[in-house]
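First the structure, in the form of structure tokens, and then the observations on it.
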Amino acid sequence: MTDRHATAATAGQVRDLHAFIAGLPKAELHVHHVGSASPRIVSELAARHPDSKVPTDPEALADYFTFTDFAHFIEVYLSVVDLIRTPEDVRLLTYEVARELARQQVRYAELTITPFSSTRRGIDERAFMEAIEDARKAAESELGTVLRWCFDIPGEAGLEAAEETTRLATDDRLRPEGLVSFGLGGPEIGVPRPQFKPYFDRALAAGLRSVPHAGETTGPETIWDALNELGAERIGHGTSAAQDPKLLEHLAERRIPLEVCPTSNIATRAVATLDEHPVREFTRAGVLVTINSDDPPMFGTDLCNEYAVAARLLDLDERGLADLAKNAVEASFLDPAGKARLAAGIDSYTSSWLAS
Numbered sequence: 001m002t003d004r005h006a007t008a009a010t011a012g013q014v015r016d017l018h019a020f021i022a023g024l025p026k027a028e029l030h031v032h033h034v035g036s037a038s039p040r041i042v043s044e045l046a047a048r049h050p051d052s053k054v055p056t057d058p059e060a061l062a063d064y065f066t067f068t069d070f071a072h073f074i075e076v077y078l079s080v081v082d083l084i085r086t087p088e089d090v091r092l093l094t095y096e097v098a099r100e101l102a103r104q105q106v107r108y109a110e111l112t113i114t115p116f117s118s119t120r121r122g123i124d125e126r127a128f129m130e131a132i133e134d135a136r137k138a139a140e141s142e143l144g145t146v147l148r149w150c151f152d153i154p155g156e157a158g159l160e161a162a163e164e165t166t167r168l169a170t171d172d173r174l175r176p177e178g179l180v181s182f183g184l185g186g187p188e189i190g191v192p193r194p195q196f197k198p199y200f201d202r203a204l205a206a207g208l209r210s211v212p213h214a215g216e217t218t219g220p221e222t223i224w225d226a227l228n229e230l231g232a233e234r235i236g237h238g239t240s241a242a243q244d245p246k247l248l249e250h251l252a253e254r255r256i257p258l259e260v261c262p263t264s265n266i267a268t269r270a271v272a273t274l275d276e277h278p279v280r281e282f283t284r285a286g287v288l289v290t291i292n293s294d295d296p297p298m299f300g301t302d303l304c305n306e307y308a309v310a311a312r313l314l315d316l317d318e319r320g321l322a323d324l325a326k327n328a329v330e331a332s333f334l335d336p337a338g339k340a341r342l343a344a345g346i347d348s349y350t351s352s353w354l355a356s
């Protein structure tokens with residue numbers, strides 16, 4: 001085969017792999033509610049609230065969503081949070097996020113929501129819960145995508161936010177039916193994890209699962225703190241785990257998953273380049289890796305693209321990608337019957353694709 005023909009064959013294989021990914025049933029475990037607002041939805045919300053500095057032109061949002069570092073990302077992210085001011089805004093955003101997930105064949109997603117960001121802006125807490133639950137039920141019946149919630153503490157807002165988030169997550173009169181887990185997001189530098197232990201203890205006692213961000217922009221000690229102090233059952237990002245062989249061994253032995261978000265890590269400068277991303281080291285160490293999109297429109301990506309990135313970094317074919325998709329099913333908080341159905345759907349799709 002000539003070089004030209006070899007290149008054409010490779011290009012065809014890449015196209016086929018992208019087509020395979022597009023139809024592959026998936027679960028997403030690390031994706032943020034407000035951070036998933038598409039340019040269309042952000043521009044619509046900005047038009048509703050013209051006092052915001054967020055551009056109303058969807059094309060201008062591409063420049064607005066270009067980050068210089070993690071601190072700048074947080075600044076821009078919070079400006080979009082400020083667009084969510086009414087229960088109607090909440091419902092619109094939630095349903096449209098589900099629509100985008102369904103387009104990518106995401107059958108199950110655990111959406112990270114920061115209720116403190118909305119309630120402190122004056123949205124009635126009960127109306128907030130009703131809005132996300134109405135969208136969740138509509139998404140499942142109309143789009144076939146099952147949504148569950150992770151309520152997370154915005155770390156930059158301190159212990160007031162921790163108390164309020166914990167109350168909303170554990171009060172049986174307010175706690176939404178779809179809530180399954182409890183998290184911690186925002187900046188890590190200057191926000192030590194141990195201070196949040198009492199709040200995680202309360203959430204765990206109420207039956208929620210622990211999924212804090214850790215080791216995205218700080219060292220592996222933050223991940224150890226998340227494990228030892230917050231009872232983490234999954235780690236959001238965990239990028240710096242690669243610096244600590246004992247930590248990698250611990251994660252592998254305990255089957256504690258990492259929620260890996262490659263493009264996000266580049267956009268926020270947590271990792272310099274994709275080729276330097278530690279996901280290869282994670283898989284070589286036997287760590288359970290899941291692939292996720294984090295804040296996809298803000299980073300110019302989506303879950304399908306993240307799977308394509310993972311395929312390149314990990315040299316995966318269709319079966320390898322199917323196994324990666326099943327990692328997310330295994331790591332999810334979906335009920336056992338639901339996990340079995342989704343895993344079987346991944347296997348059936350893959351077998352049909354390879355037989356065609």
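In this text, residue positions in the sequence shown follow the UniProt record's numbering: the first is 1, and each later residue adds one.
Each residue gets a CB set at the ideal place from its N, CA and C atoms; glycine is no exception.
Residue j beta carbon less than 8 Å from that of residue i
i, j, result
"Val260", "Ala232", "no"
"Thr301", "Thr263", "yes"
"Ser36", "Pro297", "yes"
"Lys26", "Val97", "no"
"Val191", "Ile132", "no"
"Phe70", "Thr218", "no"
"Gly144", "Ile74", "no"
"Ala310", "Leu316", "yes"
"Glu318", "Phe20", "yes"
"Asp294", "His32", "yes"
"Ile123", "Arg175", "no"
"Gly178", "Arg148", "yes"
"Leu258", "Ala270", "no"
"Val42", "Leu61", "yes"
Limits of the beta strand (DSSP E) - the one that residue i falls within
i, result
"Lys53", "Per DSSP, Lys53 belongs to no beta strand (DSSP E) and is neither H nor E."
"Ser79", "No beta strand (DSSP E) contains Ser79, which is instead part of the alpha helix (DSSP H) from 70-81."
"Ile223", "Note, Ile223: premise wrong, no beta strand (DSSP E); alpha helix (DSSP H) at 220-230."
"Val180", "179-185"
Buried versus exposed call for residue i [16 or more other C-beta atoms within 10 Å across all chains shown]
i, result
"Arg4", "Confidence in Arg4 is poor, its pLDDT being 40 and thus under 50, which makes the residue's placement unreliable; the coordinate value appears in the next sentence. Flag for Arg4 reads exposed."
"Glu66", "Correcting the residue identity first, residue 66 is Thr in this sequence and not Glu. Result: exposed."
"Glu110", "buried"
"Ala340", "exposed"
"Ala6", "Legend: pLDDT at Ala6 = 36, less than 50; position of this residue unreliable, value from coordinates given subsequently. Answer is exposed; the Cβ neighbour count stays below 16."
"Asn292", "buried"
"Leu228", "Position check: residue 228 holds Asn in this sequence, whereas Leu was assumed. So Asn228 ends up on the exposed side."
"Asp225", "buried"
"His72", "exposed"
"Leu251", "buried"
"Glu188", "buried"
"Thr166", "buried"
"Thr2", "Confidence in Thr2 is poor, its pLDDT being 42 and thus under 50, which makes the residue's placement unreliable; the coordinate value appears in the next sentence. Classification of Thr2: exposed, given that the 10 Å Cβ count is below 16."
"Gly236", "buried"
"Pro336", "exposed"
"Leu354", "exposed"
"Ser356", "exposed"
"Glu142", "exposed"
"Arg234", "buried"
Cutoff 6 Å; reference residue i; Cβ partners in own chain excluding five residues on either side
i, result
"Ala9", "Only weak support exists for where Ala9 lies, its pLDDT of 38 falling under 50; the value from the coordinates is given anyway. Counting only Cβ-Cβ distances below 6 Å, and skipping sequence neighbours, we find nothing."
"Phe299", "Thr263, Ser264, Ala267"
"Val146", "Tyr108, Glu140"
Element boundaries [alpha helix (DSSP H), containing residue i]
i, result
"His277", "Careful: His277 lies outside any alpha helix (DSSP H) and carries neither H nor E."
"Ile132", "125-143"
"Val90", "87-103"
"Thr336", "The sequence shown places Pro at residue 336, not Thr. It spans 336-355 - the alpha helix (DSSP H) in which Pro336 sits, taken as one unbroken run."
"Phe116", "115-119"
"Asp323", "318-331"
"Gly158", "158-170"
"Val191", "Segment: none, Val191 is in no alpha helix (DSSP H) and carries neither H nor E."
"Asp201", "197-205"
Residues bridged to residue i [DSSP beta-bridge criterion]
i, result
"Arg148", "Glu110"
"Val289", "Leu258"
"Glu28", "Ala109"
"His213", "Gly236"
"Pro245", "Pro245 pairs with nothing; no bridge assigned."
Close-in-space but distant-in-sequence residues of the same chain around residue i (CB under 7 Å, 5 per side omitted)
i, result
"Ala135", "Arg91, Thr94, Tyr95, Ala98"
"Ala161", "Phe116, Ile153, Pro154"
"Thr170", "Arg202, Ala203, Ala206"
"Gln243", "Gly219, Pro220"
Close Cβ partners of residue i (< 8 Å) along its chain, the five nearest in sequence each way excluded
i, result
"Gln104", "Ala22, Lys26, Asp302, Leu303, Cys304"
"Arg193", "Leu184, Pro212, Ala214, Thr222, Asp225, Ala226, Glu229, Leu230"
Chain C contact for residue i (CB, 8 Å cutoff)
i, result
"Thr112", "Absent from the structure is chain C; it holds one protein chain and no more."
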